[in-house]
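One structure is given here, and the rest of the page talks about it.
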Amino acid sequence: MRLLIRPAFLERLQEPFRPHPARRAQPPGPGLARPHHPGRDPMNHLLLRPVAEADLADLVRMAAASADGISSLPNDEAKLAARIAASLQSFASTDDASGEETYLFVLEDLQAGQVVGCSGIAASAGFFDRFYSYRNEFVVHASAALGVSQRMHTLHLCHDLTGATLLTSFYLDPAYERGPAAQLLSRSRLLFIRAHANRFSERIAAESPGITDPDGQSPFWDAVGRRFFGMDYPQAEVIVGGRSKAFIADLMPPSPIYVALLPEAAQWALGQLHPVGEVPFSVLQDEGFDADTYVDIFDGGPTVEAPLASLRSVRLARDVVVRDEPDLGPREWALLACTERTRFRAVLAEVGRAVDAATAARVGARAGDPLVVTPLQTEVAA
Numbered sequence: 000m001r002l003l004i005r006p007a008f009l010e011r012l013q014e015p016f017r018p019h020p021a022r023r024a025q026p027p028g029p030g031l032a033r034p035h036h037p038g039r040d041p042m043n044h045l046l047l048r049p050v051a052e053a054d055l056a057d058l059v060r061m062a063a064a065s066a067d068g069i070s071s072l073p074n075d076e077a078k079l080a081a082r083i084a085a086s087l088q089s090f091a092s093t094d095d096a097s098g099e100e101t102y103l104f105v106l107e108d109l110q111a112g113q114v115v116g117c118s119g120i121a122a123s124a125g126f127f128d129r130f131y132s133y134r135n136e137f138v139v140h141a142s143a144a145l146g147v148s149q150r151m152h153t154l155h156l157c158h159d160l161t162g163a164t165l166l167t168s169f170y171l172d173p174a175y176e177r178g179p180a181a182q183l184l185s186r187s188r189l190l191f192i193r194a195h196a197n198r199f200s201e202r203i204a205a206e207s208p209g210i211t212d213p214d215g216q217s218p219f220w221d222a223v224g225r226r227f228f229g230m231d232y233p234q235a236e237v238i239v240g241g242r243s244k245a246f247i248a249d250l251m252p253p254s255p256i257y258v259a260l261l262p263e264a265a266q267w268a269l270g271q272l273h274p275v276g277e278v279p280f281s282v283l284q285d286e287g288f289d290a291d292t293y294v295d296i297f298d299g300g301p302t303v304e305a306p307l308a309s310l311r312s313v314r315l316a317r318d319v320v321v322r323d324e325p326d327l328g329p330r331e332w333a334l335l336a337c338t339e340r341t342r343f344r345a346v347l348a349e350v351g352r353a354v355d356a357a358t359a360a361r362v363g364a365r366a367g368d369p370l371v372v373t374p375l376q377t378e379v380a381a
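In this text, residue positions in the sequence shown follow numbering that gives the first Met the number 0: the first is 0, and each later residue adds one.
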């Protein structure tokens, strides 16, 4: 089944690169259905916490369900067990400057007694190898003699994001996709980073999966990577298996790629988002991440980045204290987190200028524990 190419395609190539949301308005073709979005009610029975060894079976289930879109959540029980072990070690570590830590969180529905999502942080992208991306640039080719000037879109292999903190491993059960659960699962990581800034970079990045056709093939990979590796996209994904993609850069040409020379299907796919990435990508966009500069060297999906201090959750975050008596002032729906490293917890809660003891108890807060709140996106919380 071939991809459907948008009309006025050639005209779009002369415009600045704008991946989303404009370019995700039309699906690339049959077989790439949009995700289902259930109800929007705030859910105060959800708890985000660090992963535990007992969560392995839930991670195996979620990895199998997300096999189409999350290479950083491998569908392999042994590798997932290793991810849990690495996360436990990272939370326990007292070394604030290492940079090799990886943290994994799970979202638990306390009413259902089930883990319904996960998300992660890699303290330093490319800690062991350089972290490669394609950087979108434009060059002008002009001839005064002919009176011709052409602005051309090019892709430059780069490792600009090496050392940035990477948000990884987002998966949310489809029944929870619409509403504040996605915010709790994604944005709480930024509160953890804010609270333990010495462990992380001031620059935050996240990769989103690019589109594939109904057979699991990537138009961008077929046009670029496959030419140099001699293997199809699913095979390449298995080889990477959540590891560094530095070996790809060893085989890829260092010279710029002129987008206009790629097949139209690959051009259309560049910067496009796989449907499984719609929900987390939307949360990141609302945070203020830039999606115009980088794309993944594997499938051409958007790679977002931003300074930590510019992100909404961090800009609007405030430290709060616990009061024994209820706060009778104005209240708003917010993310509330206890940021003590080994006991990090985050929930959705209605809070005022302070937090009462009953609300603080939901995140296991003790007297003197650091608490932070940041408001929910109002259109979702309503």
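Using N, Cα and C, we set each Cβ at its ideal position, and we do this for glycine too.
As an exercise, report each continuous beta strand (DSSP E) stretch of at least 3 residues that is fully enclosed by the segment 301–349, in chain order. 301–306, 317–319, 331–337
Where L260 falls: helix, strand or coil (DSSP): The three-state secondary structure of L260, taken from DSSP, is helix.
Label A21 either buried or exposed according to how many other C-beta atoms from any shown protein chain fall within 10 Å of its C-beta, with 16 as the threshold for buried. Residue placement at A21 cannot be trusted, given a pLDDT of 34 that sits under 50; the coordinates are not used to answer.
For A364, which of helix, strand or coil comes out of DSSP? coil
Environment of Y257 [buried if 16+ CB atoms lie within 10 Å]: exposed
Can you grab the Cα-Cα spacing for the pair E286 / L375, in whole Å? 11 Å
Judging by CA-CA distance, which residue of L250, H155, L106 is the nearest neighbour of D295? H155
Starting from the C-beta of P15, find all residues in its chain whose C-beta is less than 8 Å away, skip the five residues before and the five after it, and write them out in chain order. For P15, the pLDDT reaches just 41, beneath the cut-off of 50, and the residue's location in the model is therefore unreliable, leaving the point undetermined.
Span of the alpha helix (DSSP H) holding S168? Where S168 is concerned, there is no enclosing alpha helix (DSSP H), although the beta strand (DSSP E) it sits in stretches over 164–171.
Using 10 angstroms around the beta-carbon of V50, count the other beta-carbons present and answer buried if the total reaches 16, otherwise exposed. Buried, since its Cβ has 16 or more Cβ neighbours within 10 Å.
Per the DSSP calculation, T153 is bridged to which residue(s)? E136, Y257
Relative to the C-alpha of L307, which candidate in P252, A122, R361, V115 has its C-alpha closest? A122
Here's the rule I'm using: 16 or more other beta-carbon atoms within 10 Å means buried, otherwise exposed. How should A359 be labelled? buried
Note the first and the last residue of the continuous alpha helix (DSSP H) segment covering F48. Here residue 48 turns out to be Arg, not Phe, going by the sequence shown. It is not in any alpha helix (DSSP H) - R48 instead sits in the beta strand (DSSP E) that spans 45–49.
Can you round the beta-carbon distance between H158 and Y131 to whole angstroms, since I take them to be within the 8 Å contact cut? 5 Å
Confirm, please, whether the CB-CB distance from A348 to W332 is below 9 Å. yes
Would you mind working out which of I192, I203, I83 sits nearest E304, comparing C-alpha positions? I203
Use the C-beta contact count for T341: other C-beta atoms within 10 angstroms, 16 or more gives buried, fewer gives exposed. T341 counts as exposed, since fewer than 16 other C-beta atoms from the protein chains shown sit within 10 angstroms of its C-beta.
F191 in three-state terms, based on DSSP: helix
Identify which residue in S97, G363, Q271 has its Cα closest to the Cα of S207. It is Q271 whose Cα lies nearest to the Cα of S207.
Would you give the residue range spanned by the alpha helix (DSSP H) that V282 belongs to? V282 -> alpha helix (DSSP H) spans 277–286.
Residue environment, T373, which counts as buried when at least 16 other CB atoms sit within 10 Å: buried
Let me confirm a value: L370 is counted as buried when at least 16 other C-beta atoms fall within 10 Å, else exposed. Which label applies? buried
Considering only the alpha carbon of each residue, which of D249, P301, P255 lies closest to P274? P301
Report the CB separation of D54 from V105 in whole angstroms; it is logged as a contact under 8 Å. 5 Å
Which same chain residues, not among the five before or five after G328, have their C-beta less than 7 Å away from its C-beta? G351, R352
For A204, list the residues DSSP reports as bridge partners. L165, E304
For A63, report the span of its alpha helix (DSSP H) as first-last. 55–64
Buried or exposed for V139, please, with buried defined as at least 16 other CB atoms from any protein chain shown within 10 angstroms of its CB. exposed
In angstroms with no decimal places, state the Cα-to-Cα distance between Q110 and Y170. 19 Å
Would you mind giving the Cβ-Cβ distance between E107 and L46, rounded to the nearest angstrom? I have them listed as a contact below 8 Å. About 5 Å; that satisfies the 8 Å criterion.
Mind checking whether L190 and S312 have CB atoms under 9 Å apart? Yes, Cβ-Cβ distance for L190 and S312 is below 9 Å.
Per DSSP, what kind of secondary structure is P179 in: helix, strand or coil? coil
N- and C-terminal bounds of the beta strand (DSSP E) containing Q376: Looking at the DSSP string, Q376 is not in any beta strand (DSSP E), and its letter there is neither H nor E.
For a quick check, are the C-beta atoms of T161 and F199 less than 9 Å apart? no
Proximity of G119 and S71 at Cβ, strictly below 9 Å: yes
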